[in-house]
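A.B. asks:
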Amino acid sequence: MVLIGLHDRTRGISEMSVSLAFCGSSLVAEMEEMTIWEQYTVTLNRDPRKGFGIAISGGRDRPHSSDGDTSIVISDVVPGGPAVGRLQ
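Each residue of the sequence shown is one higher than the one before, counting from 2 in this note's numbering.
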């Protein structure tokens, strides 16, 4: 699972900072589940022709069909775009 937080809207449309949280592993103790997350921050510079090089899906307008989850996720990385090699 990948969760995304977009930060620093004051930088304008030429740069975007993306925080990614990856579910590394889960520990289950009796009746309680604890998830351990790793967080990375990547700054993408907008390419005039390819934008930030990512496609974002989800959100309040398009919740997940099975459980109504409204988180946003990176659904695609554009080949040759600024996110290639920086987001997986």
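Positions of the beta carbon are idealized from the N, C-alpha and C atoms, including for glycine.
Mind checking which residues open and close the beta strand (DSSP E) that includes Val78?
C.D. replies: By 1-based counting over the sequence shown, the position of residue 78 is 77. That run of the beta strand (DSSP E) goes Ile73 to Val78.
A.B. asks: With a threshold of 6 angstroms on Cβ separation, who are the neighbours of Gly54 within its own chain once the five nearest residues in sequence on each side are excluded?
C.D. replies: Taking the first residue of the sequence shown as position 1, residue 54 is located at position 53. Only Val79, Gly82, Pro83 and Ala84 meet the Cβ criterion.
A.B. asks: Expressed to the nearest angstrom, what Euclidean distance is found between the alpha-carbon atoms of Arg87 and Val43?
C.D. replies: Counting from one through the sequence shown, the residue named residue 87 turns up at place 86. Counting from one through the sequence shown, the residue named residue 43 turns up at place 42. For Arg87 and Val43, the distance between alpha carbons rounds to 7 angstroms.
A.B. asks: Who are the near neighbours of Asp77 in its chain, counting only those whose CB is closer than 8 angstroms to its CB and skipping five residues on each side?
C.D. replies: Residue 77 sits at position 76 when you count from the first residue of the sequence shown. The residues are Ile55 and Ala56.
A.B. asks: Beta-carbon within less than 8 angstroms of Lys51's beta-carbon, same chain only, minus the 5 sequence neighbours each way: which residues are those?
C.D. replies: Counting from one through the sequence shown, the residue named residue 51 turns up at place 50. Within the same chain, Lys51 has close Cβ partners Val79, Gly81, Gly82 and Pro83.
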